[in-house]
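Reviewing the structure listed below.
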Amino acid sequence: MRHGHNPSTLALACNSPFVRSRPRESLQTTSDRAIEGWRTLSSVKEDYFGEEVAARYDDDGPMFSAEVIGPTVEVLAELAGDGAALELGIGTGRIAVPLARRGVPVHGIDLSEAMVAKLREKPGAEEIGATIGDFATTRVDGTFRLAYLVCNTIMNLTTQDAQVACFENVARHLERGGYFVIDVMVPDLRRLPPGERYVPFNVSETHVGIDEYDVANQGLISHHYTNRLDSPPFRYVWPAELDLMARIAGLTLRERWADWDRSSFTSESRKHVSIWERDG
Ligand SMILES: C[S@@+](CC[C@H](N)C(=O)[O-])C[C@H]1O[C@@H](n2cnc3c(N)ncnc32)[C@H](O)[C@@H]1O
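Right, here's the structure in full:
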């Protein structure tokens with residue numbers, strides 16, 4: 586049995602296979618510890634993208650397909666125009682490399698030395714600057730026409746304060762009139778019945794994926810069972826909340842689409858691509 590392609594399977598594709606292996610144990614035990622872990626994470630920056638994850642990150646098929654990368658790069662190149670772009674969580678350069686190939690100067694920030702080392706191996710990466718650090722706080726030289734944060738990566742910041750700090754950090758780097766783009770799932774709470782905390786999002790012979798919601802803390806742990814258990818913590822965030830963070834940082838919403846193909850965002854949309862503009 587396979588459940589449909591939803592934002593969590595997207596998260597699976599690009600933003601989840603990044604927690605250290607650990608032996609199998611009961612979900613209950615694991616999740617209780619994971620909830621504690623993600624409370625602790627409020628103040629600690631952890632690198633979930635170490636050598637092992639970096640080594641297999643680019644093996645993921647769908648997120649590296651032309652159907653996904655083409656429209657993403659198209660939108661970002663248009664927004665960058667003749668300016669420069671800053672990617673938060675640049676990773677192995679899945680988007681940065683083709684964007685740079687389009688002639689856009691790209692600089693990236695990432696916590697993971699291992700992911701950036703993979704980026705460095707790619708042809709064309711010599712044109713791309715990269716700074717190791719937390720994208721919520723790290724400053725880099727220069728100003729940018731465009732900043733972007735894709736693949737649900739805003740949710741890797743597991744507190745509201747850190748997510749707000751990220752918007753403020755972006756605003757400091759943007760030119761007046763510059764754009765900030767986020768690509769993130771809509772929290773899937775419509776699938777969570779009262780009293781429940783688990784939402785299965787993918788069940789196949791090779792993978793069982795279960796999202797665990799902590800509604801009181803706006804927390805989300807994606808449990809992935811393959812031949813091991815991965816349970817990375819996230820903080821899910823609502824579109825309207827992102828708009829408020831943007832306002833705090835001096836940015837105004839310009840577009841909200843259901844996807845990179847610029848389709849309309851509706852009540853049924855499972856993800857969104859949102860564009861805010863830095864106020865003049
Ligand atoms: C899901 S990957 C996305 C990589 C790339 N943007 C892509 O689209 O393939 C998330 C990346 O964000 C980085 N990351 C997560 N939290 C971070 C933080 N607080 N500061 C800097 N980088 C972070 C990870 O190291 C990882 O490389």
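Per this note's numbering, residue 586 is the first one in the sequence shown, and the count goes up by one each step. Ideal Cβ positions, reconstructed from N, Cα and C, are used throughout, including at glycine. Note that the structure is predicted; figures quoted are calculated from it, not measured.
**Request:** Determine the extent of the beta strand (DSSP E) in which HIS692 is found, giving its start and end residues.
**Result:** Where HIS692 is concerned, the enclosing beta strand (DSSP E) stretches over 691–695.
**Message:** Using the three-state DSSP reduction, which class does VAL822 fall into: helix, strand or coil?
**Reply:** It is coil, neither helix nor strand.
**Asked** What span of residues does the alpha helix (DSSP H) with HIS758 cover, start to end?
**Response** DSSP places HIS758 inside the alpha helix (DSSP H), whose first and last residues are 745–758.
**Asked** Taking just the CA atoms, how far does THR722 sit from HIS809?
**Response** Using only the alpha carbons, I get a separation of about 30 Å.
**Prompt:** Does DSSP put ARG624 in a helix, in a strand, or in coil?
**Reply:** Confidence at ARG624 is low in this model, with a pLDDT of 43, below 50, so its placement is unreliable and the value that follows should be read with caution. Assigned with DSSP and collapsed to three states, ARG624 falls in helix.
**Item:** Between the CA atoms of VAL653 and ALA843 - distance to the nearest angstrom
**Value:** The alpha-carbon atoms of ALA843 and VAL653 are separated by roughly 13 Å.
**Request:** Please state whether DSSP places PHE729 in a helix, a strand or coil.
**Result:** The answer is strand: DSSP assigns PHE729 an E or B state.
**Asked** ILE694 to PRO656, Cα distance in whole Å?
**Response** Answer to the nearest angstrom: the Cα atoms are 22 Å apart.
**Request:** Check whether the Cβ atoms of GLY763 and ARG730 sit closer than 8 Å, and answer yes or no.
**Result:** A contact, by the Cβ cut-off of 8 Å.
**Asked** Where do the ends of the alpha helix (DSSP H) carrying PRO575 lie?
**Response** Since the first residue shown for the chain is 586 and the last is 865, residue 575 is missing from the structure and cannot be characterised.
**Message:** How far does the beta strand (DSSP E) with ILE806 in it extend, from its first residue to its last?
**Reply:** First-last of the beta strand (DSSP E) with ILE806: 804–810.
**Request:** Inspect the beta-carbon positions of PHE765 and ILE833 and report whether they are closer than 8 Å.
**Result:** Contact flag unset, no.
**Request:** Under 8 Å by Cβ, that's how I've got GLU760 and THR716 pegged, so tell me the actual separation to the nearest angstrom.
**Result:** Under the criterion of beta carbons closer than 8 Å, GLU760 and THR716 do not qualify as touching, at roughly 19 Å.
**Message:** Give me the residue from ALA801, LEU673 and ASN787 with the minimum Cα distance to THR811.
**Reply:** If we check each option's Cα against that of THR811, ASN787 comes out closest.
**Request:** Answer with buried or exposed for ALA750, where buried requires no fewer than 16 other C-beta atoms within 10 angstroms of its C-beta.
**Result:** With at least 16 other beta carbons inside 10 angstroms of its own, ALA750 counts as buried.
**Request:** May I ask you to check if the CB of ARG757 is nearer than 7 Å to at least one heavy atom of ligand 2?
**Result:** As far as ligands go, the structure on display features ligand 1 and does not contain ligand 2.
**Request:** Report, in whole angstroms, the separation of the C-beta atoms of ALA662 and PRO690, which I expect to be a contact under 8 Å.
**Result:** No, ALA662 and PRO690 are not in contact; Cβ-Cβ is about 12 Å, not under 8 Å.
**Residue environment, GLU711, which counts as buried when at least 16 other CB atoms sit within 10 Å** = By the neighbour-count rule (16 or more Cβ atoms within 10 Å), GLU711 is not buried but exposed.
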